[in-house]
Amino acid sequence: MLTKEQFFAAGARRYDTVTVPTLGEVRIQSLTEPEKTAYYSDRHGADGKFLPEVFNERSPRLILLSVVGDDGQRIFSPDDLPALIALDASVTEPIFVKARRLSRIDEAAGEGDTETAKKPDSASDTASSGS
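For the sequence shown, this note's numbering begins at 9 and goes up steadily by one.
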């Protein structure tokens, strides 16, 4: 039978490395449950309304939460979000795809009741199947 210690050890934060052609290797971490909940919750205003402008920034927002240095500490702060948004997709896409997989982010979850939210992210799905 599974012990509490085994359960918590299996749930420890995970790390992985992404190779980005223009940057080299980038270290990422999985999200904790509160971080993942906040990542989804940010997509809705105080009135519960879906915020498409925040949803459209999902890639740089996940990168902000996931990219860490060798010491395991995040290298970006919320102040870096505008610069992350301005990056070329060739930099952000490989990191986003792998970070999404590492944290088991379901982009169909928590997106509100919009047509955009119901469409699969075919570019990410295609990219994620190749790595």
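Ideal placement from N, C-alpha and C gives every residue a C-beta, glycine not left out.
| Item | Value |
| --- | --- |
| Inter-residue Cα distance where the pair is Glu119 and Lys44 | Because the pLDDT at Glu119 is just 44, under 50, the model does not fix this residue reliably, and the value given afterwards should be weighed accordingly. When rounded, the distance between both Cα atoms is 13 angstroms. |
| Alpha-carbon spacing of Leu78 relative to Glu33, whole angstroms | The sequence given here places Asp at residue 78; Leu does not occur at that position. Rounded to whole angstroms, Asp78 to Glu33 spans 11 angstroms at the Cα level. |
| Selected residue, minimal CA-CA separation from Ile113, among Leu10, Tyr48, Ala17 | Tyr48 |
| Local conformation of Leu110 per DSSP, three classes | helix |
| For Gln14: DSSP bridge partner residues | Paired residue(s): none; Gln14 is not in a bridge. |
| Closest Cα partner of Arg35 within the set Tyr23, Pro68, Glu41 | Tyr23 |
| Contact check, Val76 vs Arg69, beta carbons under 7 angstroms | no |
| Close Cβ partners of Thr40 (< 8 angstroms) along its chain, the five nearest in sequence each way excluded | Arg21 |
| Boundaries (first-last residue) of the beta strand (DSSP E) holding Thr45 | Unbroken run through Thr45 is the alpha helix (DSSP H), 41-49; no beta strand (DSSP E). |
| Simplified DSSP state of Ile141, which is helix, strand or coil | Shown here, the chain extends from 9 to 139; a query on residue 141 therefore has no answer. |
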